[in-house]
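A.B. asks: Residue numbers (our numbering), protein chains in the order written: chain E, 13 to 122; chain H, 30 to 242. Built from N, CA and C at the ideal position, the CB exists for glycine as well. Encoded as structure tokens, here's the structure I'll be asking about.
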């Protein structure tokens with residue numbers, strides 16, 4: 013197989029069986045926001061807002077560039093935003109405004 | 030800069046000063062959470078409660094299950110028949126809607142678990158997976174060259190022992206029931222549980238004596 017066919021037959025998450033380097037046995041304690049993000053994912057699953065497989069597909073839909081450059085929970089939260097936009101639960105404008113508000117709060121609190 | 034924050038790192042995080050601005054993705058997390066709370070789709074209490082649940086899940090729970098299976102043959106049968114129901118017998122609740130299949134290592138079979146597509150893992154009994162479990166080298170290679178992967182963990186599986194790799198999904202999770210080490214006949218259930226490590230329940234190492242904390 014050469015050229016673009018590989019992109020069709022394997023989506024970005026589908027890496028089982030590919031060649032890869034040695035396993036660096038890394039671990040880290042989750043940062044507080046990462047743990048909140050994980051808890052959010054679980055709650056979204058319980059409340060039937062976004063289930064685990066939708067989340068996984070949402071990450072896959074980010075494409076290989078973003079998957080490659082964003083960290084694990086960064087991919088999750090961006091996928092959640094996109095899924096909520098697609099479901100009409102949030103709008104991009106709403107999220108942008110809320111993010112500006114959160115940042116402003118931090119600046120005011122400094 | 031978020032891009033400097035690669036996910037395959039292993040550095041101790043610097044102390045976070047109160048004046049430090051949260052990163053882009055942290056701001057996004059806070060914003061999404063607050064919007065969902067405003068819309069009454071979730072509550073702040075839901076998140077706080079789930080953080081407590083996550084904090085309560087550690088490999089000690091899986092170790093308790095393994096030790097019980099080693100000392101109680103009837104429990105072991107129930108565990109292999111229905112992993113979730115047997116764990117629930119021990120008071121381990123499943124907070125997610127997943128099935129648990131327990132894979133028994135024997136003289137002739139060694140099991141290894143992976144999630145090639147992402148990071149599915151038996152979280153109710155082991156807590157959150159280590160970063161290496163979620164990164165490409167392990168996910169890519171565990172299914173195609175498991176013996177080489179195991180050797181990287183220092184685990185050499187004899188050629189006459191079959192290696193079985195189970196690939197997790199959103200709905201089906203696996204837990205390895207490791208072999209009980211030799212010379213542990215006089216160990217109590219608690220002493221046995223203390224020997225069982227997270228990595229042994231993923232299947233990348235055996236349970237050995239001298240692993241007690």
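Going by the DSSP bridge assignment, what does residue 196 (chain H) pair with across the sheet?
C.D. replies: In the DSSP assignment, residue 196 (chain H) is bridged to H:143.
A.B. asks: Rounded to a whole number of angstroms, what is the C-alpha to C-alpha distance between residue 15 (chain E) and residue 175 (chain H)?
C.D. replies: So the two alpha carbons sit approximately 29 Å from each other.
A.B. asks: Quickly, what does DSSP pair residue 128 (chain H) with across the bridge? List them, please.
C.D. replies: According to DSSP, residue 128 (chain H) bridges with H:201.
A.B. asks: Give a yes or no on whether the minimum CB-CB distance between residue 132 (chain H) and chain E is below 8 Å.
C.D. replies: No, residue 132 (chain H) does not count as interfacial toward chain E.
A.B. asks: Would residue 69 (chain H) count as contacting chain E if we go by Cβ distances under 8 Å?
C.D. replies: With respect to chain E, the C-beta atom of residue 69 (chain H) has no partner C-beta closer than 8 Å.
A.B. asks: So, with DSSP's three-state summary, where would you put residue 206 (chain H)?
C.D. replies: strand
A.B. asks: Would you please verify whether the beta carbon of residue 26 (chain E) is less than 8 Å from any beta carbon of chain H?
C.D. replies: yes
A.B. asks: At a CB distance below 7 Å, what residues from the segment 167–188 of chain H approach chain E? Give them in sequence order.
C.D. replies: Per Cβ criterion, the list reads 167, 168, 169, 170, 172, 173, 178, 181.
A.B. asks: From the DSSP output, in three-state form, read off residue 38 (chain E) for me.
C.D. replies: coil
A.B. asks: Could you check how far apart the C-beta atoms of residue 89 (chain H) and residue 206 (chain H) are, in whole angstroms? I think they sit under 8 Å.
C.D. replies: Not confirmed; about 16 Å, so no contact.
A.B. asks: I'd like to know whether the C-beta of residue 79 (chain E) is nearer than 8 Å to at least one C-beta of chain H.
C.D. replies: Under the Cβ criterion of 8 Å, residue 79 (chain E) is not counted among the residues facing chain H.
A.B. asks: Looking at the structure shown, is residue 219 (chain H) part of a helix, part of a strand, or coil, going by DSSP?
C.D. replies: helix
A.B. asks: Would residue 50 (chain H) count as contacting chain E if we go by Cβ distances under 8 Å?
C.D. replies: yes
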